[in-house]
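S.K.:
There are 2 protein chains.
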Amino acid sequence: MKKENKSKYAILGMLFDKPQSGYEILQFMKESTTHFWQESDASIYPMLKALERDGLVTSRSEFVGKRERKIFEITASGKKYFLTWMALPAEKENNRSELLLKLFFGATTTQEENIKQLVMRRGQAQETKRIFRRIAEQTLSQVSDEHPHKQFWSMTLRYGLKLAEAELEWLDECINILKNK
Amino acid sequence: MKKENKSKYAILGMLFDKPQSGYEILQFMKESTTHFWQESDASIYPMLKALERDGLVTSRSEFVGKRERKIFEITASGKKYFLTWMALPAEKENNRSELLLKLFFGATTTQEENIKQLVMRRGQAQETKRIFRRIAEQTLSQVSDEHPHKQFWSMTLRYGLKLAEAELEWLDECINILKNK
DNA sequence: GTCGACATGTAAATAGTTACATGATTCT
DNA sequence: AGAATCATGTAACTATTTACATGTCGAC
């Protein structure tokens, strides 16, 4: 069974509510799904073209002066295709972690180097928490409680916060163990 | 800057202590690093060949009857290469999560379907916890406390447990929210 | 004798990223 | 005038997976 490119579902989902350009989708992803889903411009434009070819979206060009904006709209068959995917069980992804790999091999190097790695990641995890708080304050607070998306956006945000906190606890645990040796 | 293939470091790390065959490395990974690092046979054999070409490992053939086993041994320059990587800061990986993507788009479908996704993942997370416990009991308990690897192996295991528990808490939270609507 | 685990590999396809390329508009 | 952002795209490359291919050995 060949591996499926799931980018198309992310794009169709973004178009589900309202027509948008590729650029707008990218911008919105950067401030919403970026911590669990990202697309690059080199992937989104060809994918939009493929979706149009397959009749899942249609496009029209708008012009602001001479600057073109290609607005994509999801079709009925696109919505059906998207909802079919929504009903399928989400695949559990096997993620690689370079930090855990280095820690696994920690015995090959010095305690100082191991601690340095963990402390660096601790800084990153704290930064991640700050970013999530900013999304909550700047993006999510703008959305009305009646907005059907709000509770789901909160949940994904809460996931990021909760996991970042668990990681921080683990990092502190490990740093303490290595320091008291 | 081109992206680097990190498989070679995983392999060199596995060879750091003792010479092994590709198959043995794969077997050991399956019972140790599989939840944060995996290689497939189609990646490990070509990579071992490349490492030998670059002088980072050497190989010799052993025979058990007619069955060949190619044993790879890390060289001095291989160890140096590996330790240089160990000293570099671990890259923070941007992982994609299909579950979070589906939940993000939860408003496009029914509460029942959303709950179903979360309940399914809860089962997987519990299974993950069971697997980690088995590793602790079957693999890690066999390793002496004096073994230099033990504390690091415990830490990576503890990470898996801690994150799985945080995920379970989050899943229960979300399931409750969706059920009481 | 045949099934599953052992053991090593290649071929083909796909996914995903980086770098490249172009030009418009807005802000300072 | 120049920099930053808007906006869309292609080319080239690298990584990674799936499927294929081959043969050995031990257990039942």
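So the protein sequences, as listed, match chains A and B. Per my numbering, the very first residue in the first sequence carries number 1; after that it's consecutive. Per my numbering, the very first residue in the second sequence carries number 182; after that it's consecutive. We treat Cβ as the ideally placed atom computed from N, Cα and C, and that holds for glycine.
If you drop the 5 nearest sequence neighbours on each side, which residues of the same chain put their C-beta closer than 8 angstroms to that of residue 160 of chain A?
M.R.: So the qualifying residues of the chain are 35, 36, 128, 132.
S.K.: Within a Cβ cutoff of 7 angstroms, which residues of the same chain sit near residue 302 of chain B, ignoring the five residues on either side of it in sequence?
M.R.: Correct list, in chain order: 280, 352.
S.K.: Please tell me whether residue 108 of chain A has its Cβ less than 7 angstroms away from any Cβ of chain B.
M.R.: For residue 108 of chain A, the answer is yes, since a Cβ of chain B falls inside 7 angstroms of its Cβ.
S.K.: Which residues bound the alpha helix (DSSP H) around residue 251 of chain B?
M.R.: No alpha helix (DSSP H) holds residue 251 of chain B; the beta strand (DSSP E) holding it covers 248-255.
S.K.: Looking at C-beta atoms only, is the number of pairs between the stretch 9-25 of chain A and the stretch 81-88 of chain A that lie closer than 8 angstroms three or more?
M.R.: With the cut-off at 8 angstroms, the stretch 9-25 of chain A and the stretch 81-88 of chain A touch.
S.K.: When the cut-off is 7 angstroms and only beta carbons count, does residue 10 of chain A lie next to chain B?
M.R.: Residue 10 of chain A counts as touching chain B.
S.K.: With a cut-off of 7 angstroms, does the C-beta of residue 78 of chain A fall near any C-beta of chain B?
M.R.: Not an interface residue.
S.K.: Give the secondary structure of residue 277 of chain B by DSSP, where H, G and I count as helix, E and B as strand, and everything else as coil.
M.R.: In the structure shown, residue 277 of chain B sits in coil (DSSP, three-state: anything other than H, G, I, E or B).
S.K.: Quick check on the DSSP output: what are the complete alpha helix (DSSP H) runs of length 4 or more inside the stretch 255-326 of chain B, in order along the chain?
M.R.: Counting whole runs of 4 or more residues, the stretch 255-326 of chain B contains the alpha helix (DSSP H) stretches 257-268, 279-285, 292-315.
S.K.: Is residue 298 of chain B near residue 90 of chain A, with beta carbons less than 7 angstroms apart?
M.R.: Yes, they are a contact pair.
S.K.: Within 10 Å of its beta-carbon, does residue 176 of chain B have 16 or more other beta-carbons around it, so buried, or fewer, so exposed?
M.R.: Summary: the structure shown does not reach residue 176 of chain B, with chain B confined to residues 182 through 362, and so no result is reported for it.
S.K.: Quick check: is the beta carbon of residue 262 of chain B nearer than 7 angstroms to any beta carbon in chain A?
M.R.: So, not an interface residue.
S.K.: What's the C-alpha gap between residue 139 of chain A and residue 178 of chain A?
M.R.: About 39 angstroms.
S.K.: Consult DSSP for residue 215 of chain B and reduce its assignment to one of helix, strand or coil.
M.R.: In the structure shown, residue 215 of chain B sits in coil (DSSP, three-state: anything other than H, G, I, E or B).
S.K.: Just grab the DSSP bridge partners of residue 20 of chain A for me.
M.R.: In the DSSP output, where bridge partners are listed per residue, residue 20 of chain A has A/72.
S.K.: With contact counted as at least three CB pairs below 8 angstroms, one residue from each stretch, are the stretch 249-256 of chain B and the stretch 198-210 of chain B in contact?
M.R.: Taking 8 angstroms as the limit for Cβ pairs, the verdict is that the stretch 198-210 of chain B does touch the stretch 249-256 of chain B.
S.K.: Sorted by chain position, which residues of the same chain lie with C-beta nearer than 7 angstroms to residue 296 of chain B's C-beta, five sequence neighbours on each side aside?
M.R.: Excluding residues within five positions, the ones whose Cβ falls inside 7 angstroms are 356, 359, 360.
S.K.: Could you check which residue in B/345, B/234, B/307, B/315 has the C-alpha nearest to that of residue 211 of chain B?
M.R.: With distances taken between Cα atoms, residue 211 of chain B lies closest to B/315.
S.K.: When the distance is taken between beta carbons, is residue 59 of chain A closer than 7 angstroms to residue 52 of chain A?
M.R.: Result yes, Cβ atoms of residue 52 of chain A and residue 59 of chain A sit closer than 7 angstroms.
S.K.: Under the DSSP definition of a beta bridge, which residues are partnered with residue 59 of chain A?
M.R.: Bridge partners of residue 59 of chain A: A/72.
S.K.: If the cut is a Cβ gap below 8 angstroms, which residues of chain A does residue 201 of chain B touch?
M.R.: Simply none; closest approach about 14 angstroms.
S.K.: Among B/278, B/324, B/235, B/249, whose alpha-carbon lies nearest the alpha-carbon of residue 262 of chain B?
M.R.: Nearest C-alpha to residue 262 of chain B: B/235.
S.K.: Along chain A, in chain order, which residues have C-beta atoms closer than 7 angstroms to that of residue 223 of chain B?
M.R.: Going along chain A, no residue has its Cβ under 7 angstroms from residue 223 of chain B, so there is no contact; the nearest lies around 13 angstroms.
S.K.: Which word fits residue 152 of chain A, buried or exposed, when buried means at least 16 other C-beta atoms lie within 10 angstroms of its C-beta?
M.R.: Per the 10 Å Cβ criterion, buried.
S.K.: Does the beta carbon of residue 304 of chain B sit closer than 7 angstroms to a beta carbon anywhere in chain A?
M.R.: No, residue 304 of chain B does not count as interfacial toward chain A.
S.K.: With 8 angstroms as the C-beta to C-beta threshold (strictly closer), list the residues of the stretch 43-77 of chain A near chain B in chain order.
M.R.: Listed by position, the residues of the stretch 43-77 of chain A near chain B (Cβ gap below 8 angstroms) amount to none.
S.K.: Who are the neighbours of residue 186 of chain B on chain A, taking C-beta pairs under 7 angstroms?
M.R.: Chain A residues near residue 186 of chain B: none, gap ~11 angstroms exceeds 7 angstroms.
S.K.: Hey, how far is the Cα of residue 146 of chain A from the Cα of residue 285 of chain B?
M.R.: Roughly 16 angstroms separates the two Cα atoms.
S.K.: Given that residue 310 of chain B touches chain A, what residues does it touch there, using C-beta distances under 9 angstroms?
M.R.: Under the 9 angstroms cutoff, chain A gives no residues; its nearest Cβ is about 13 angstroms from residue 310 of chain B.
S.K.: Is there a C-beta anywhere in chain B that falls below 7 angstroms from the one on residue 187 of chain A?
M.R.: Coverage of chain A is limited to positions 1 through 181, which leaves residue 187 of chain A absent and any answer about it impossible.
S.K.: Taking the alpha-carbon of residue 335 of chain B as reference, which of B/290, B/322, B/259, B/291 has the nearest alpha-carbon?
M.R.: Nearest of B/290, B/322, B/259, B/291 to residue 335 of chain B, Cα basis: B/322.
S.K.: Tell me which residue opens and which closes the alpha helix (DSSP H) that residue 329 of chain B is part of.
M.R.: Per DSSP, residue 329 of chain B belongs to no alpha helix (DSSP H) and is neither H nor E.
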